[in-house]
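J.: With my numbering applied, the sequence shown covers 5 to 304.
Please find one structure pasted underneath; my questions will follow.
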Amino acid sequence: MRVTDQMLFALATRSTGLARSRVEKSIEETSSGLRVSHPGDDPAVAGLLVQSRALQERFTAIAKAADTASSELTVADSAAASAGNSLLRARELAMQLVNPTYTAAQRVTGAAEVDQILLAVLSQLNTQLGDRYVFGGNRDATAPFNAAGAYLGDTAVRKVEIAPGVFAPASVRADAALKGVDPTTGAVTGADVLASLQALATALRANDMTGIRATLDPLADGLAQLASLRGQIGDAQNSMNMAVATNQAALNDERQRNSKLGDVDIIETTTALAQAQQALQASLSASAQGIRFTLLDYLR
5 MRVTDQMLFA
15 LATRSTGLAR
25 SRVEKSIEET
35 SSGLRVSHPG
45 DDPAVAGLLV
55 QSRALQERFT
65 AIAKAADTAS
75 SELTVADSAA
85 ASAGNSLLRA
95 RELAMQLVNP
105 TYTAAQRVTG
115 AAEVDQILLA
125 VLSQLNTQLG
135 DRYVFGGNRD
145 ATAPFNAAGA
155 YLGDTAVRKV
165 EIAPGVFAPA
175 SVRADAALKG
185 VDPTTGAVTG
195 ADVLASLQAL
205 ATALRANDMT
215 GIRATLDPLA
225 DGLAQLASLR
235 GQIGDAQNSM
245 NMAVATNQAA
255 LNDERQRNSK
265 LGDVDIIETT
275 TALAQAQQAL
285 QASLSASAQG
295 IRFTLLDYLR
């Protein structure tokens, strides 16, 4: 078959175009650091990259939510610890002032201190972080305890995702710890801490030795209930902190996987770019040489 000038030109154009495309692709990969910039570059890998990015977003969201929950639990633990210290002081006063050597006037002074302790405990139980009351269940905008000591929150325990599809408690039942409510049955089976403080203040003002003595056991039970509450907070906080660490590790692993899938090997890409440039130069030279011979033939 006779090779015409038109065929030579077409071949040269096609060869040069392919070489130029390889150079452009190598330049794009080298400059962007990405092996797959468009789905058409590698459809299978592009699909895996989309899945990988979705997982990264999921791990990030879970870690962020768990970290926020951990911060709330830290505030809750601090408030519960302060309430426990206040209750301990009230019991010390009861043990001290039940002694017959103290006068009625001294007990009235003690009652005033217990009043302040009650206000302090109420304030600690109504602690907020941002716009949320940490002991109110799902009722974020309402103080969980009123001035009379009644619980106004709900019985919900908030849960936070700690792994894809896995949820763990991120709050505690303050009514169970302070009002002596059994979280399973809803029945009052323990000590009502706030009512015990009110009873102590009343007994001290009335110089009622029997009434003062009657508050000692409920106050001790209240301290045990608060200790149990702090244990629950600690368990929940450990879960949240572990979730933050685990999801951060998973995120880092997924980022590395994403990098292996979509990022280029810089040495390999640089070498490919040099080879593509050499191929383009060779193609241009060969095309120019072929055209030169064709023109010479024509001039002859």
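The beta carbon of each residue, even a glycine, is placed where N, CA and C say it ideally should be.
1. Hey, how far is the Cα of Gln252 from the Cα of Leu59?
2. Just checking, does the stretch 224–231 make contact with the stretch 85–93 on the three C-beta pairs under 8 Å criterion?
3. Per DSSP, Lys163 forms a beta bridge with which residues?
4. For Ala195, I'd like the list of residues in its chain whose CB is within less than 7 Å of its CB, leaving aside the five on either flank, ordered along the chain.
5. Tell me whether Ala116 is buried or exposed, calling it buried when 16 or more other Cβ atoms sit within 10 Å of its Cβ.
6. Nearest CA to the CA of Gln110: which residue from Gly215, Val161, Arg209 and Thr131?
7. May I have the straight-line CA-CA distance separating Gln180 from Lys68, to the nearest angstrom?
8. Mapping DSSP to helix, strand and coil, what is Val138?
9. Using only CA atoms, which one of Thr250, Ala85, Leu182 and Gln260 lies nearest to Val170?
10. Could you say if the stretch 119–135 and the stretch 146–158 meet the contact criterion of at least three C-beta pairs nearer than 8 Å?
11. Taking 7 Å as the threshold (C-beta atoms), are Asp119 and Ala207 in contact?
12. Looking only at its own chain, which residues have a Cβ that is under 7 Å from the Cβ of Gly44, when we skip the five neighbours before and after it?
13. Examine the Cβ distances between the stretch 74–85 and the stretch 212–219 and report whether three or more of them are shorter than 8 Å.
14. Considering just the uninterrupted stretch of the alpha helix (DSSP H) at Ala207, what are its terminal residues?
15. Measuring alpha carbon to alpha carbon, tell me which residue in Met244, Gln260, Thr64 and Asn256 is nearest Ile166.
16. Rounded to whole angstroms, what's the CA-CA distance from Gln55 to Asp71? Just pull it up for me.
17. Cα separation between Val197 and Gly157?
18. Within 10 angstroms of its Cβ, does Ser30 collect 16 or more other Cβ (buried), or is it exposed?
19. Check for me: the alpha helix (DSSP H) holding Ala180 runs from which residue to which?
20. Within 10 Å of its beta-carbon, does Gln260 have 16 or more other beta-carbons around it, so buried, or fewer, so exposed?
21. Does the separation of the CB atoms of Asn211 and Ala108 fall below 7 Å?
22. Give the DSSP-derived three-state secondary structure of Leu129 in the structure shown.
23. Would you decide whether Gly235 is buried or exposed? Buried here means 16 or more other CB atoms lie within 10 Å of its CB.
24. Could you please give the first and the last residue of the uninterrupted alpha helix (DSSP H) stretch that includes Gly215?
25. To the nearest angstrom, how far is it from the Cα of Ala162 to the Cα of Pro104?
26. Near Gly140, what residues of its chain come up, given a Cβ to Cβ distance below 8 Å and the 5 sequence neighbours on each side ignored?
27. Between which residues of its own chain and Ser175 is the CB-CB distance below 6 Å, once the five residues before and five after are set aside?
28. Using 10 angstroms around the beta-carbon of Ala191, count the other beta-carbons present and answer buried if the total reaches 16, otherwise exposed.
29. Look up Phe149 in the DSSP assignment and give the residues it is bridged to.
30. Quick check: what's the CA-CA separation for Thr131 versus Ser74?
31. Consult DSSP for Val185 and reduce its assignment to one of helix, strand or coil.
32. In three-state DSSP terms, what is Val102?
T.: Quick answer:
1. For this step, residue 252 is matched to residue 248 along the sequence shown. For this step, residue 59 is matched to residue 55 along the sequence shown. Rounded to the nearest angstrom, the two C-alpha atoms are 12 Å apart.
2. yes
3. The residue given as residue 163 occupies position 159 in the sequence shown. In DSSP, Lys163 forms a bridge with Pro173.
4. Here residue 195 refers to the residue found at position 191 of the sequence shown. Correct list, in chain order: Gly184, Pro222, Asp225, Gly226 and Gln229.
5. Counting from 1 along the sequence shown, the entry for residue 116 is found at position 112. Exposed.
6. Counted from its first residue, the sequence shown places residue 110 at position 106. When each option's Cα is compared against that of Gln110, the closest is Arg209.
7. Walking along the sequence shown from the start, residue 180 turns up at place 176. Walking along the sequence shown from the start, residue 68 turns up at place 64. The residue asked about is misnamed: residue 180 is Ala in this sequence, not Gln. Cα-Cα distance, rounded: 29 Å.
8. Position 134 of the sequence shown, counting from 1, holds the residue named residue 138. In the structure shown, Val138 sits in coil (DSSP, three-state: anything other than H, G, I, E or B).
9. Within the sequence shown, residue 170 is the residue found at index 166, counting from 1. Ranking Thr250, Ala85, Leu182 and Gln260 by Cα distance to Val170 puts Thr250 first.
10. yes
11. To locate residue 207, count along the sequence shown from 1; it is residue 203. To locate residue 119, count along the sequence shown from 1; it is residue 115. Going by C-beta atoms, Ala207 is not nearer than 7 Å to Asp119.
12. What you label residue 44 is simply residue 40 of the sequence shown in a count that begins at 1. Residue placement at Gly44 is poorly supported in this model, since its pLDDT is 45, which falls under 50; the coordinates are not used for a value here.
13. Result no; under three Cβ-Cβ pairs closer than 8 Å.
14. Within the sequence shown, numbered from 1, the residue matching residue 207 stands at position 203. Looking at the DSSP string, the run of the alpha helix (DSSP H) that includes Ala207 is Val197 to Arg209.
15. Numbered from 1 along the sequence shown, position 162 holds the residue referred to as residue 166. The option with the nearest alpha carbon to Ile166 is Met244.
16. Along the sequence shown, read from residue 1 onward, the residue named residue 55 stands at position 51. Along the sequence shown, read from residue 1 onward, the residue named residue 71 stands at position 67. The alpha-carbon atoms of Gln55 and Asp71 are separated by roughly 24 Å.
17. Here the question's residue 197 lines up with position 193 in the sequence shown. Here the question's residue 157 lines up with position 153 in the sequence shown. Rounded to the nearest whole angstrom, the CA to CA distance from Val197 to Gly157 is 16 Å.
18. Taking the sequence shown and counting its residues from 1, the one referred to as residue 30 is at position 26. Unreliable positioning characterises Ser30 in this predicted model, as indicated by a pLDDT of 49, which lies under 50. A coordinate reading is not provided.
19. Numbered from its first residue, the sequence shown carries residue 180 at position 176. Residues Ala178 to Leu182.
20. Numbered from 1 along the sequence shown, position 256 holds the residue referred to as residue 260. With fewer than 16 Cβ atoms within 10 Å of its Cβ, Gln260 is classed as exposed.
21. Looking up residue 211 in the sequence shown gives position 207. Looking up residue 108 in the sequence shown gives position 104. Yes.
22. Numbered from its first residue, the sequence shown carries residue 129 at position 125. Helix, per DSSP.
23. One-based indexing of the sequence shown puts residue 235 at position 231. Burial call: exposed.
24. One-based indexing of the sequence shown puts residue 215 at position 211. Taken as a continuous stretch (DSSP letters only), the alpha helix (DSSP H) holding Gly215 covers Met213 to Ala218.
25. Position 158 of the sequence shown, counting from 1, holds the residue named residue 162. Position 100 of the sequence shown, counting from 1, holds the residue named residue 104. First, the amino acid is wrong: residue 162 is Arg here, not Ala. Cα-Cα distance, rounded: 48 Å.
26. Position 136 of the sequence shown, counted from the first residue, corresponds to residue 140. Cβ neighbours of Gly140 beyond the five flanking positions: Thr146, Ala147, Pro148, Leu156, Gly157, Asp158 and Ala178.
27. In the sequence shown, residue 175 corresponds to position 171, counting from 1. Within the same chain, Ser175 has close Cβ partners Val161 and Arg162.
28. The residue given as residue 191 occupies position 187 in the sequence shown. Residue environment for Ala191: exposed (fewer than 16 other C-beta atoms within 10 angstroms of its C-beta).
29. Sequence index remark: in the sequence shown, residue 149 carries index 145 (1-based). Per DSSP, Tyr155.
30. In the sequence shown, the residue the question calls residue 131 occupies position 127. In the sequence shown, the residue the question calls residue 74 occupies position 70. Linking Thr131 to Ser74 through their CA atoms gives a straight-line distance of about 15 Å.
31. Here residue 185 refers to the residue found at position 181 when the sequence shown is read from its first residue. DSSP places Val185 in strand when its eight states are reduced to three.
32. Here the question's residue 102 lines up with position 98 in the sequence shown. Coil at Val102, not helix or strand.
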